[in-house]
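S.K.: The structure is given below, and queries will be raised subsequently.
Protein chains: 6
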Amino acid sequence: MRILLVNPNITHSITETMVAEARRTASPGTEIVPATAAFGTLYVENRVEASIAAHAVLEAVAEHAGDCDAVIVCAFGDPGLLAARELLDVPVVGIAESAMLLAHTLGRRYSIVCMTSRLRTWYLECAQSYGLHTRLAAVRALDTPVDVTRARETLAEPLLALCERTIAEDDAEVVVLGGGPLAGIARDIADRIPVPTLDGVSCAVQMAESLVRLAPRPPRVGSHARPRPKPARGLSPALATAMRTTAL
Amino acid sequence: MRILLVNPNITHSITETMVAEARRTASPGTEIVPATAAFGTLYVENRVEASIAAHAVLEAVAEHAGDCDAVIVCAFGDPGLLAARELLDVPVVGIAESAMLLAHTLGRRYSIVCMTSRLRTWYLECAQSYGLHTRLAAVRALDTPVDVTRARETLAEPLLALCERTIAEDDAEVVVLGGGPLAGIARDIADRIPVPTLDGVSCAVQMAESLVRLAPRPPRVGSHARPRPKPARGLSPALATAMRTTAL
Amino acid sequence: MRILLVNPNITHSITETMVAEARRTASPGTEIVPATAAFGTLYVENRVEASIAAHAVLEAVAEHAGDCDAVIVCAFGDPGLLAARELLDVPVVGIAESAMLLAHTLGRRYSIVCMTSRLRTWYLECAQSYGLHTRLAAVRALDTPVDVTRARETLAEPLLALCERTIAEDDAEVVVLGGGPLAGIARDIADRIPVPTLDGVSCAVQMAESLVRLAPRPPRVGSHARPRPKPARGLSPALATAMRTTAL
Amino acid sequence: MRILLVNPNITHSITETMVAEARRTASPGTEIVPATAAFGTLYVENRVEASIAAHAVLEAVAEHAGDCDAVIVCAFGDPGLLAARELLDVPVVGIAESAMLLAHTLGRRYSIVCMTSRLRTWYLECAQSYGLHTRLAAVRALDTPVDVTRARETLAEPLLALCERTIAEDDAEVVVLGGGPLAGIARDIADRIPVPTLDGVSCAVQMAESLVRLAPRPPRVGSHARPRPKPARGLSPALATAMRTTAL
Amino acid sequence: MRILLVNPNITHSITETMVAEARRTASPGTEIVPATAAFGTLYVENRVEASIAAHAVLEAVAEHAGDCDAVIVCAFGDPGLLAARELLDVPVVGIAESAMLLAHTLGRRYSIVCMTSRLRTWYLECAQSYGLHTRLAAVRALDTPVDVTRARETLAEPLLALCERTIAEDDAEVVVLGGGPLAGIARDIADRIPVPTLDGVSCAVQMAESLVRLAPRPPRVGSHARPRPKPARGLSPALATAMRTTAL
Amino acid sequence: MRILLVNPNITHSITETMVAEARRTASPGTEIVPATAAFGTLYVENRVEASIAAHAVLEAVAEHAGDCDAVIVCAFGDPGLLAARELLDVPVVGIAESAMLLAHTLGRRYSIVCMTSRLRTWYLECAQSYGLHTRLAAVRALDTPVDVTRARETLAEPLLALCERTIAEDDAEVVVLGGGPLAGIARDIADRIPVPTLDGVSCAVQMAESLVRLAPRPPRVGSHARPRPKPARGLSPALATAMRTTAL
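Protein chains in written order, with the numbering used here: chain U, 1 to 248; chain C, 249 to 496; chain A, 497 to 744; chain Z, 745 to 992; chain L, 993 to 1240; chain V, 1241 to 1488.
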């Protein structure tokens, strides 16, 4: 099975970190195919950047998903996830959605800990948009400047402290480390956290493999069925083809 | 006062229709400045197209909002609205949000009638994302193919029938005609509908003018404060400048 | 355009304060017509007083709304607002509802700051009754005795402190100063608050003018259509006439 | 034990009907003391009439509750209920609230059947305002003109048909006959309805007696504690005394 | 009237404490018939124990409810309550549900105070499962080890402190002492609490008597109608008979 | 990996059907270990039977889960699922919860189709108890008597008709076949349904394998941590040991 892992930001070193974690979790025989956004920002943190990233994700899947069995949108917040599902016949999962869903099986309420207060807002809105906020205890953010490209070395301890706090104060029974750049940290600190701890990338790999094995048929009706062709302008050739647009 | 009216789709004739309706409603002294998306689709109907449109709206406001006092995102569904608010210090309103808010003052529950079932889903998700679904009675869609560029001539009667049905069956006490291309139709048929009927473009003009007059200060904290600069790649010069990015 | 501003409490000096603020905000050509409740209490703070005020508001609009284009119910909490809408064919707005609606366009969550803990409860119930609580971060109240007739001179600093607290602790991105007697204070302190700040009276003037310009037709069906005539007893002649009652 | 039964409308024959039903249900030793609104309408059906009735209920309890152990606000919709609780130290119950609460013990979802579509809206808003809508299946209304003073003779069969319909179509497992004037009808038709059927007046008598026996102390803090005295004007002497107002 | 009081745990001294409180509250002529779970744990605190207790409650009512007019499931959390309602034609009430319902008549929001953090979670889920969480301010638990068989002597003061805290910090206007073993404590400390305080056992007696007097007919349709007979194995003879099972 | 599949009803032929479907879906190297409830009913359909089944599931996992890596509670409705999670350190999944979670990744709203109206109610309550009802479009039930042991041969066509109906009328974009005895039918009819169709058993196998691979640590705090030991009576030796009870 081939799984396309799309990094919605433009930073190749973050792609590599996430791919490494994905490969560690993937079943034998699963190949992780990396793709990095062709345009956008160093990382994705707010609505402006997420809007741009959603477009970049669509471009990336139009370009690269052709021979893949599933796609992972690999930024917590899942920019472009639902749109990508419209575009493709193979399963598409996000690291935020996957972690939120699996968290439901491990405790009464889950918390997300993340790097910045802007990410916090995004993740709150993300959970609400999925209808998965009813079991969300809190989203907690670090309040210090972060270097996302060195997250694993520098943020493990501060994130651990946040985890402890959300367990004690927010009634969290599961903790999700929210953020693609945090890939691997959950494994580093899980033993020191008294409740189950989840990493988005690992969860997404599991969900992608599960869906490929279940092989649900693509929808032919409803809001995730392939959109009707439509005249368009200014899209990349790959995306225009995927959308089956005609020139205006 | 100058209000930038951004059409998130690429169709100039729809821009013109909407601008005409906006000018009819605007106060003396208000100038409506039109802008049409530089890339995207004939109209915007699903998540793929809305994702692309959101990016196009950000490009358009980065390019054109400079000397305007407010911005209208002029597609029902409001692609890019919340992101545009992060980018600008002037008020930004959407035609869906404006109509939904004003509907609250006119009856216990409101319905939206629209052109296609894909739009229907989008508007439902839009209302939920604003937290304005608690008074939403229903979104009703026509079930026949439509020519959006000839909406006013061809859709008035079918939309009127939908209005009557949602009043009778969904307990709607206000009706919103949902869709930028429908601009003007509400006025054409309002007399034949037994409850208040709203048009998104007119509502957005009122909300934009109201906010300019109230002159709330732009936020310096929270999720709508201007984002921090960040390295970026592949953005248009105008958007890169507006986002104050540095080259990666 | 003539807008009737009804003060639901019996205190003429508060009427004057609110009318002054309304006139400052109103468009050229808009006339603000004041009316003060004929019976009731010094100000309106709890369910007993709000119940009495609702009746007084109905009496006032029956008496004075005849040649007006819109009505403002000018106590935060909006006593009698929905009932008045049943009684009149012109738009009726409340200062709480108007501020809550406009707050939706300025940030993700809004808080209300107010004078007393009883007001706090009332405003919470008010937001819930409108279905506008999904974006309400908190209602915060002063905990010291207040002289409502000297609010502007004495309460600006304590209210400013409350605003800062709700931004820091409740995640508020917009602040509403809740209370008719607070008219004008928002303007006095807005520059010192890092998020947009709204004043109910100013918002209500904007909403009233917007609705007059949109000119939605009055409902002929639904829960805001004019009630059927009914035998009655003990009502004022003006209210009995407005209700088209017959003597029992 | 003495229970004051306040009819919020001005129709003595309806008071008598309700008192008769209350007496039939009351425990030995419970005395039902009737009071009829001094002003208002033939019956209470919409927001205008409910606002007036709320004031009339406060006047009535101020006048008559002095030597009673509990009060029943005896119109479905419970006008003035929460305000009356602020005013009195004895328990105050409403026939809508009582029936809704008891319905929770008898099935998964309950429906209310009632006389007119305006009542329907009121009851929906009533259930929501109590937070008791999560188990409300539907409110169903007759669609023909009714003579409320002859409800028992003329409405039993049409209401029975509504009950059957809401069980079949709305998943109702309990039915509440909503409307003071319907007192007694539930008993007449209960045997022909395949689920438990409740009458508001009987439920309110049980709830009032229960609360008297439990003898909870009146609140000294919170939104139902006695309001602070306040200058007032134009209130009846009894109400002014109960509110401990001073003359303005 | 005979009311079966079923203690879902196996501790006879707790049964006695609860029966004593029930008898003190019951009307003249009401007989309280005790039954104690035949299997299970010292007290019921978590999902494992509540699952076992639910089965034990069904066994107990199958065995003992035969000549009773109503049943009280007498552990806060109400294990087996809804199932028991399916099995019996007489009213079945729980002490949690009864207290939650009556709390609605006494204030805007209620809190539950209880003995342990595991009970706290259970009660939260209980309120949600009843749809009675919309007015639940908080569930607060002691954080020290407790001896449930000596609750009345040792826990009154710590629980009083919790009550004060939830009133001050959670906006509670009614307090419920949650836990069968706490029977009687509410009476001991109510005078020192500034809001109405409820005891589950007393509330359940009132609700049971009320329902017996109202005499609603048992449902013949819906999810609480008697289940269809079904082949079974390994049930006690009494329960098998009550379920009208056939041997597999 | 060894996964214990617990059938909460007593019917071995249903266990066999479900185990066959599980084995077909399981990864190479996964062993499915069957267990059938020692007491209970032919199948599980209502609250009485589900309460008994929950106890039986606890007995079964106490007896058989010792050397397994995960457990599947294999009746739709998941009796005893949350309790079993408290008892064990390995992941425990239910077929209802698993299907509901995976449904979130495949469409905007999902429907469940099932065999009887009592099952329908149970599944509704199940989705609500998980907080997974926000995306639940409807639960639809056959209205004819069913022979659960011959479901696959006799129910495929009627269930297909239900699927079509819920897609057309309830806006469902994913369909779940709800019921352990329906194992395999989803595969038989999926090609004829225009949206993705899920089978609970297959989904549960995927979720169980995913959780085993993620290897989250068991909680040491919170409501799913192992309960404290407690005196008990009348439990099976295996369950008493698992609960670490002491004899009373």
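Positions of the beta carbon are idealized from the N, C-alpha and C atoms, including for glycine.
The structure presented is a predicted model; accordingly, all values stated were derived computationally and were not measured.
Which runs of the alpha helix (DSSP H) spanning at least 4 residues fall entirely within the region 406-455 of chain C, listed in chain order?
M.R.: Correct list: 433-437.
S.K.: Roughly how many whole angstroms lie between the Cα atoms of residue 612 of chain A and residue 971 of chain Z?
M.R.: 12 Å
S.K.: Would you check if the distance between the CB atom of residue 420 of chain C and the CB atom of residue 54 of chain U is smaller than 8 Å?
M.R.: no
S.K.: Report the partner residues of residue 855 of chain Z according to the DSSP bridge assignment.
M.R.: Z:882 and Z:919
S.K.: For the beta strand (DSSP E) holding residue 70 of chain U, just list the boundary residues, first then last.
M.R.: 70-73
S.K.: Could you tell me which of Z:821, Z:778 and Z:776 sits nearest to residue 794 of chain Z, measuring between CA atoms?
M.R.: Z:821
S.K.: Which residue's Cα is closest to the Cα of residue 1271 of chain V: V:1397, V:1241, V:1252 and V:1405?
M.R.: V:1241
S.K.: Please identify, using Cβ separations under 7 Å, the residues of the region 1252-1282 of chain V that lie next to chain L, in order along the chain.
M.R.: 1278, 1279, 1280, 1281 and 1282
S.K.: Please confirm if the region 578-595 of chain A is in contact with the region 632-645 of chain A, defined as three or more CB-CB distances below 8 Å between the two stretches.
M.R.: Too few Cβ pairs lie closer than 8 Å, so no.
S.K.: In the DSSP output, what is residue 530 of chain A paired with across the bridge?
M.R.: A:501
S.K.: In this structure, how does DSSP classify residue 481 of chain C when only helix, strand and coil are distinguished?
M.R.: strand
S.K.: Closest by CA to residue 1319 of chain V, which one among V:1429, V:1248 and V:1463?
M.R.: V:1248
S.K.: Quick check on the DSSP output: the alpha helix (DSSP H) that includes residue 553 of chain A runs from which residue to which?
M.R.: 543-560
S.K.: Return the bridge partner residues of residue 246 of chain U from the DSSP annotation.
M.R.: According to DSSP, residue 246 of chain U bridges with U:231.
S.K.: Which chain Z residues are close to residue 741 of chain A, counting only those with a beta carbon under 8 Å from its beta carbon?
M.R.: Close partners of residue 741 of chain A in chain Z (Cβ separation under 8 Å): 785.
S.K.: Our contact map puts residue 432 of chain C next to residue 371 of chain C with C-beta atoms below 8 Å; I'd like the distance itself, whole angstroms only.
M.R.: Actually they do not touch by this definition, with Cβ atoms about 19 Å apart.
S.K.: Nearest to residue 232 of chain U by alpha carbon, out of C:274, C:296 and C:471?
M.R.: Residue 232 of chain U has its Cα closest to that of C:296, out of C:274, C:296 and C:471.
S.K.: What first and last residue would you give for the alpha helix (DSSP H) that runs through residue 1259 of chain V?
M.R.: Segment 1252-1265, the alpha helix (DSSP H) holding residue 1259 of chain V.
S.K.: From residue 741 of chain A to residue 856 of chain Z, what does the alpha carbon distance come to, in whole angstroms?
M.R.: 28 Å
S.K.: Tell me which same chain residues have a C-beta within less than 6 Å of the C-beta of residue 829 of chain Z, skipping the five on either side of it?
M.R.: 836 and 968
S.K.: Leaving out five residues before and five after residue 29 of chain U in sequence, what residues of the same chain have Cβ atoms less than 7 Å from its Cβ?
M.R.: 1
S.K.: Could you check which residue in Z:914, Z:910 and Z:954 has the C-alpha nearest to that of residue 815 of chain Z?
M.R.: Of Z:914, Z:910 and Z:954, the residue nearest in Cα terms is Z:954.
S.K.: In three-state terms, what does DSSP make of residue 1213 of chain L?
M.R.: Coil, per DSSP.
S.K.: Quick one: Cα of residue 242 of chain U to Cα of residue 1390 of chain V, how far?
M.R.: Cα to Cα, the separation comes out at about 45 Å.
S.K.: Could you tell me whether the region 1450-1460 of chain V touches the region 1001-1016 of chain L, where touching means 3 or more Cβ pairs closer than 8 Å?
M.R.: With contact defined as three or more Cβ pairs closer than 8 Å, the region 1450-1460 of chain V and the region 1001-1016 of chain L are not in contact.
S.K.: Checking 8 Å against the spacing of the C-beta atoms, do residue 577 of chain A and residue 530 of chain A come in under that value?
M.R.: no
S.K.: Does the distance between the C-beta of residue 1485 of chain V and the nearest non-hydrogen atom of the ligand MG fall short of 7 Å?
M.R.: The model on display carries no ligand, and the ligand MG is accordingly not part of it.
S.K.: Do you know offhand how far residue 858 of chain Z's Cα is from residue 817 of chain Z's?
M.R.: 18 Å
S.K.: List the residues of chain L whose Cβ lies closer than 9 Å to the Cβ of residue 1369 of chain V, in chain order.
M.R.: Think of a sphere of 9 Å around the beta carbon of residue 1369 of chain V: the chain L residues whose beta carbon falls inside it are 1117, 1120 and 1121, in chain order.
S.K.: Skipping 5 residues on each side, what residues in its chain have a beta carbon closer than 6 Å to that of residue 469 of chain C?
M.R.: none
S.K.: When the Cα atoms are used, what is the spatial distance from residue 1211 of chain L to residue 1075 of chain L?
M.R.: Those two C-alpha atoms are separated by around 14 Å.
S.K.: Looking at chain A, is there any beta carbon in it that lies within less than 8 Å of the beta carbon of residue 790 of chain Z?
M.R.: yes
S.K.: In whole angstroms, what is the alpha-carbon distance linking residue 1305 of chain V and residue 1296 of chain V?
M.R.: Using only the alpha carbons, I get a separation of about 13 Å.
S.K.: Could you give the distance in angstroms between the alpha-carbon of residue 346 of chain C and the alpha-carbon of residue 323 of chain C?
M.R.: 12 Å
S.K.: Take the Cβ of residue 202 of chain U as the centre, count every other Cβ of all protein chains shown within 10 Å, and call the residue buried at 16 or more, exposed below.
M.R.: buried
S.K.: Does residue 1344 of chain V come within less than 8 Å of chain U when only Cβ atoms are used?
M.R.: yes
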